[in-house]
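The sequence shown begins at 1406 in my numbering and counts up one residue at a time.
Note that CB positions come from ideal geometry on N, CA and C, so glycine has one too.
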Amino acid sequence: MSTNQGSNSSLETCLPCDIHTVIKHLELEVPLEKSVCCTQCYSLYNVETAPEECTYQATFKSAHCGVELFWISKFKPLPHIQFPTKQLEISTKKNKYPHIQLPNRPRLKIPYANLIAQPLLTWITWLVNRTGIEDAIEKWVDKLSAPDPGLVCDVAQGEFNPASNKASGKQISMGIISLNCLNIPPQLLNKPHYTCLSGIIPSPNQPNMNTMNNVLMPLATEMTKLNHGVMIFTLKHPKCHKVVIKMVNVIGDIAVSHKVAGFKYHVARKFFSWCEVEDHKRGNLELGRLRSGHEVVELAVKWKELLSSALRDQLAN
């Protein structure tokens, strides 16, 4: 009887109590990367090496952002929960009340905002290893009678109010960055489980055209590496297979697509991203001189090398 009771108790301790434990034991958790995010300029920092205040400079002559990245919790960290070392350091800020002796013990430092991202390579590896996906990609390419360009993706960015308030209520904005693989057939393309959630932009504000670069920097860095090809193990190629991944287009409304692609809004003098038609000729409904990709890249590099925000605004407008 005691043996049965002992086996039952051991069995109860081994069985998972909730679905989160089941997912963890089966290794079904999606690997996510968490970065400390500045609430003003959206600069990203590693949790272990993040400073107390944001050190971002928009230009060489601009002042540092200086926004606080952490707040100190009133509670001691629990001993059985592991936190990053950076979050357990004693704050180096000056005591606002010098006549009060504060205990010299570590408190938990919590970031004001985090940006959560799913690595693109991890998602692509998971996608091509799903049963039937490689066959679907090959059949779709054969149907289009097009050469194999590798895997091509689009990027979409959207913003919403998590509080679901109307226009008269408090405005809070949260954004997402998602990617889809355009090689799979259209009937599978827009299904949620075939969409990569590449980033969750924290609330309550939203990045502008300049600070959006900080949000997109991890994705742009990863896409630069994947553009040259990466070796991936797949079901049809168990001995490894080179896959080239490219970004082809940006999806979103006018404001979002201009912000992600680096163009000014509709109030700018040259408001259209496809050509150089000017604002005072808007009523003619005629295209101006078309922009070329080389020209856009050249202007972007020139804009980035300018030393002040005023010169940048003058060039962009």
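Check your understanding: Where do the ends of the alpha helix (DSSP H) carrying ASP1718 lie?
Key -> 1714 to 1721 is the extent of the alpha helix (DSSP H) around ASP1718.
Check your understanding: Where ASN1654 and VAL1560 are concerned, what is the direct C-alpha to C-alpha distance, given to the nearest angstrom?
Key -> C-alpha of ASN1654 to C-alpha of VAL1560: approximately 7 Å in a straight line.
Point to revise | CA nearest to the CA of VAL1435, picked from CYS1422, HIS1469, GLY1555 and LEU1526 | key: LEU1526
**Study point:** VAL1665, DSSP secondary structure in three states
**Key:** helix
Check your understanding: Going by C-alpha distance, which of GLN1576, PRO1591 and GLY1563 is nearest LYS1544?
Key -> PRO1591
Practice item. Determine contact between the region 1584 to 1601 and the region 1674 to 1688, defined as no fewer than three beta-carbon pairs at a distance below 8 Å. Key: no
**Study point:** Proximity below 9 Å, CB of CYS1586 to CB of MET1652
**Key:** no
Review point. With 16 other CB atoms within 10 Å as the buried threshold, where does TRP1528 fall?
Key: buried
Check your understanding: Alpha carbon to alpha carbon, what distance is there between MET1614 and TYR1447?
Key -> 11 Å
Review point. What is the residue span of the beta strand (DSSP E) that LYS1647 lies within?
Key: 1646 to 1648
Exercise for review: Put ASN1654 into one of helix, strand or coil per three-state DSSP.
Suggested key: strand
**Study point:** C-alpha gap between HIS1425 and LEU1513, whole angstroms
**Key:** 25 Å
**Study point:** ILE1521 versus LEU1602: straight-line alpha-carbon distance, rounded
**Key:** 9 Å
Exercise for review: Give the secondary structure of CYS1419 by DSSP, where H, G and I count as helix, E and B as strand, and everything else as coil.
Suggested key: helix
Point to revise | Residue closest to LEU1584, alpha-carbon to alpha-carbon, out of GLU1539, LEU1640 and ALA1625 | key: ALA1625
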